[in-house]
Amino acid sequence: MISHRTAADAVATPVFAEVMMPPKLPISVTIITQDEVDRVGPAIESVIDFADEVIVVDSGSTDGTEAVAEGLGARVVHHDWPGYGRQKRYAEDLARNDWILNIDADERLLPELRDEIVARFEDGPGEDAYRLPIHDRFLCSERISRKAQYLPVRLYRRSRGRYSESPVHDRVQMEEGARVGVLTGRVAHDSTRSLSHRLHKMDGYTAMQAEDMQRKGRRASGLRLVADFWLSFLLGYFTKGFWRAGLVGYIYAMNYAYSRFLRQAKLWELERCGRADAVSKAEDSPREGS
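Take any residue in the sequence shown, note its place counting from 1, add 6, and you have its number in our numbering.
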């Protein structure tokens, strides 16, 4: 069949495409993964349309995570697991942009946050970093609190801040004098596949927390061992507002309190027995406030 397209049509087509597809923002998105085939897709899809590049650093998935990420347009790099902060620093070093947006494989930007970021970059961001509200979703995608559970720096200039080298805690350390703003759009955090999954995560991460506390010279306290559970439950249920979610909020507050108790118990176990079981894979990133 003979095409009747003219030379003018050939010229007009790419111009039309440019109008329909605005240029990407000079932001490198970094995501660390291991066995996240069921969750990494929505994370990438929430940023791929506006970010200049998406970098996935995988520490040895066997479930097809890498193939899903590549199929969605992410650049996938394998790197053996060195710990949370160190893995995120490795991802930072791979980025070609100064601006970094870090999200976890179980997180995704909601539309209002994407729009807010785009608006900030239209005339050039006025800050060196931005805190993003993280909203946990728990058991059948229930939102457990009107307030953000965490407000960490996740969008930042690499030249003004970097992830810490801590193998346990993943938080951005900004230079003194850096300007840090706060965005209002939300990040949905779907960290829990089930209660069993949450308990498995809690068991591993609290062991890592206990070892980290011991390295920093903290000692087990009988008072903390007895009081942490109850104080943490009251903090979560009332101060953080988990009560608004009914039974889901009650279950979440109990889980939160148990995790705080468990890390104190494992610190006590380390001092008494010399060991506490730990995990070493990047299944889920810990929260800055945990």
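All C-beta atoms in this analysis are idealised placements derived from N, C-alpha and C, irrespective of residue type, glycine included. Here the structure is a predicted model, which means the values were calculated and not measured.
- Here the alpha carbons of Val-63 and Asp-176 stand approximately 15 Å from one another.
- With a cutoff of 8 Å on beta-carbon distance, Phe-244 and Phe-267 are scored as not near each other.
- Note on geometry: alpha-carbon atoms of Ala-125 and Thr-190 lie some 13 Å from one another.
- Sequence-distant Cβ neighbours of Ile-106 in its own chain, meaning closer than 7 Å and more than five residues away, are Ser-34, Thr-36, Glu-98, Tyr-162, Arg-164.
- Its chain contains Val-43, Val-46, Gly-47 as the residues whose beta carbon lies nearer than 7 Å to that of Val-74, once the 5 sequence neighbours on both sides are disregarded; these appear in chain order.
- With 16 or more other Cβ atoms from the protein chains shown falling within 10 Å of its own Cβ, Asp-142 counts as buried.
- Its Cα nearest to that of Gly-66, the residue Thr-39 stands out among Gly-89, Thr-39, Ala-111, Gln-220.
- Under the three-state reduction of DSSP output, Asn-103 falls in the coil class, being neither helix nor strand.
- Of the candidates Glu-128, Cys-146, Gln-155, Leu-145, Gln-155 places its Cα closest to the Cα of Arg-137.
- DSSP places Leu-231 within a helical segment (H, G or I) once states are collapsed to three.
- Taking C-alpha positions only, Ser-200 is separated from Ser-238 by approximately 22 Å.
- In the three-state reduction of the DSSP assignment, Gln-155 falls in the coil class, being assigned neither a helical nor a strand state.
- In this structure Thr-71 is buried. Its beta-carbon is surrounded by 16 or more other beta-carbon atoms within 10 angstroms.
- Counting along the chain, Thr-212 sits inside the alpha helix (DSSP H) bounded by residues 201–221.
- About 4 Å separates the beta carbon of Asp-58 from that of Lys-30, a gap short enough to meet the 8 Å contact definition.
- CA-to-CA, the gap between Cys-146 and Asp-129 works out to about 39 Å.
- Lys-222 counts as exposed, since fewer than 16 other C-beta atoms from the protein chains shown sit within 10 angstroms of its C-beta.
- For Gly-167, the beta-bridge partners assigned by DSSP are Met-180.
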